[in-house]
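Asks: Quick note on numbering: the sequence shown equals residues 1 to 62 in the working numbering. Ideal Cβ placement from N, Cα and C applies to all residues, glycine included.
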Amino acid sequence: MELQRAKQIVSNSAVDIDVEFNGVSVWIDEVHEDTNTATVHLRGPGEERTQVGIEDLNEVTH
Numbered sequence: 001m002e003l004q005r006a007k008q009i010v011s012n013s014a015v016d017i018d019v020e021f022n023g024v025s026v027w028i029d030e031v032h033e034d035t036n037t038a039t040v041h042l043r044g045p046g047e048e049r050t051q052v053g054i055e056d057l058n059e060v061t062h
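What follows is the structure, encoded as structure tokens:
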């Protein structure tokens, strides 16, 4: 995923956009431009957050 698209997804929280990290569905909580990373957490139960490279995120289009 590109940095700009990740920022768009975070700023448009009213729309449910499916994003995956390593094949697992995640929410993007925050984008860190300086390190080209994002803080994400798994969809569903659990609130554990992790920082991942934005290039490792994939938007799922249906």
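Based on the DSSP secondary-structure assignment, which residues constitute the bridge partners of residue 38?
Replies: Against the sequence shown, residue 38 aligns to sequence position 38. Per DSSP, 31, 52.
Asks: How many Å lie between residue 43 and residue 62 at the Cα?
Replies: Position 43 of the sequence shown, counted from the first residue, corresponds to residue 43. Position 62 of the sequence shown, counted from the first residue, corresponds to residue 62. Straight-line Cα distance between these residues: approximately 18 Å.
Asks: Given residue 58, which residues of its chain have a CB within under 8 Å of its CB, disregarding the five upstream and five downstream residues?
Replies: As a position in the sequence shown, residue 58 is number 58, starting the count at 1. So the list reads 1, 19, 20, 21, once near-sequence residues are dropped.
Asks: Quick check on residue 37: buried or exposed, where buried means 16 or more other Cβ atoms within 10 Å of its Cβ?
Replies: Counting from 1 along the sequence shown, the entry for residue 37 is found at position 37. Per the 10 Å Cβ criterion, buried.
Asks: Just the C-alpha distance for residue 54 and residue 45, rounded to the nearest angstrom, thanks.
Replies: Here residue 54 refers to the residue found at position 54 of the sequence shown. Here residue 45 refers to the residue found at position 45 of the sequence shown. Between residue 54 and residue 45, the C-alpha separation is close to 23 Å.
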